[in-house]
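Peer 1: Structure below; questions to follow.
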Ligand code: FE2
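Okay, structure coming up:
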């Protein structure tokens, strides 16, 4: 449960950090479920790479299908020119998503707990509809940068209604690629839209507004211990740097929007065959 000061901080600054949000049992369950998914990874079956530095030209059918499935995405540096792994399979994973809550019992029950819905309702949602779940790995030494972006670029609603929930499953520090954002910059315009033309299944990143990304002096590093929750609005610019340390930085993210908001048909993430998933129910 949030106090009025925390709700006000979210409104004014566009984000909120809740340290020790997860109890030890929840954290252990999520870590165990993540480890199980990593163990199940078959490098012969998954070769989609996730990168954010090419204006999203690399998005492919695996990416689109992952809206309703559990798919693995690899680090850019994990494959050589002939698609062979350059690192052990477990260290090659960039992320797993985006329907963990539909298919993996541990994530489903985590998302069904009333607490998450309660927090989102305190931040203004009436019916928090869960659109995606994702494990983001940032493996030691290889975990890549995620450039400045706003989540509404990829998850667009009218009116703007998406909130991101970023759970640190391991300690996040500057060295291992913690989240950076710019307090108050959630009021800045949406700079880009990633739209998919479903007639030819091609996605394009379009520039909407040329306002520059926040400068280094405006960015704040959210160094948080394992078990913390960071909430942030869909217009909040954020990024994370590459992990060149020897410690991994695992995070679980959820994105929810109020059910009454209009989900754009050009969003890459569509769930035509899955039932709507209301958080807390
Ligand atoms: Fe993001």
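Residue numbers (our numbering): 4 to 284. Backbone N, C-alpha and C define an ideal beta-carbon position, used for all residues, glycine too.
(1) Determine the burial state of residue 179: buried for a count of at least 16 other Cβ atoms within 10 Å of its Cβ, exposed for fewer.
(2) Report yes if the C-beta of residue 227 is less than 8 Å from at least one heavy atom of the ligand COA; otherwise report no.
(3) Count the CB pairs spanning the stretch 236–246 and the stretch 143–163 that are closer than 8 Å, and state whether there are at least three.
(4) Please say whether residue 101 and residue 272 have beta carbons closer to each other than 9 Å?
(5) Residue 127 to residue 26, Cα distance in whole Å?
(6) Please state whether the Cβ-Cβ distance between residue 246 and residue 91 is less than 9 Å.
(7) Output the boundary residues of the beta strand (DSSP E) element that contains residue 92.
(8) Can you tell me whether residue 157 is helix, strand or coil according to DSSP?
(9) Could you tell me the boundaries of the alpha helix (DSSP H) in which residue 111 lies?
(10) Measure from the alpha carbon of residue 181 to the alpha carbon of each residue in 96, 9, 33 and 150, then state which is nearest.
(11) Give me the Cα-Cα distance between residue 212 and residue 194, rounded to the nearest whole angstrom.
Peer 2: Well, looking at it:
(1) Taking the chain shown and counting its residues from 1, the one referred to as residue 179 is at position 176. Classification of residue 179: buried, given that the 10 Å Cβ count is 16 or more.
(2) Within the structure as shown, the ligand COA is missing, the only ligands being the ligand FE2.
(3) Yes, since at least three Cβ pairs between the stretch 236–246 and the stretch 143–163 fall closer than 8 Å, the two stretches touch.
(4) To locate residue 272, count along the chain shown from 1; it is residue 269. To locate residue 101, count along the chain shown from 1; it is residue 98. Cβ atoms of residue 272 and residue 101: closer than 9 Å.
(5) Against the chain shown, residue 127 aligns to sequence position 124. Against the chain shown, residue 26 aligns to sequence position 23. Straight through space, the alpha carbons of residue 26 and residue 127 are spaced by roughly 25 Å.
(6) As a working note, residue 246 is residue 243 in the chain shown. As a working note, residue 91 is residue 88 in the chain shown. Pairing residue 246 with residue 91 gives a Cβ-Cβ distance that is not under 9 Å.
(7) Within the chain shown, residue 92 is the residue found at index 89, counting from 1. Looking at the DSSP string, residue 92 is not in any beta strand (DSSP E), and its letter there is neither H nor E.
(8) Walking along the chain shown from the start, residue 157 turns up at place 154. The DSSP-derived three-state label of residue 157 is coil.
(9) Counted from its first residue, the chain shown places residue 111 at position 108. 108–115 is the span of the alpha helix (DSSP H), which, as asked, contains residue 111.
(10) Start at 1 with the first residue of the chain shown, and residue 181 comes out as number 178. Ranking the options by Cα distance to residue 181, first place goes to 150.
(11) By 1-based counting over the chain shown, the position of residue 212 is 209. By 1-based counting over the chain shown, the position of residue 194 is 191. Straight across, the Cα-Cα distance linking residue 212 with residue 194 is about 4 Å.
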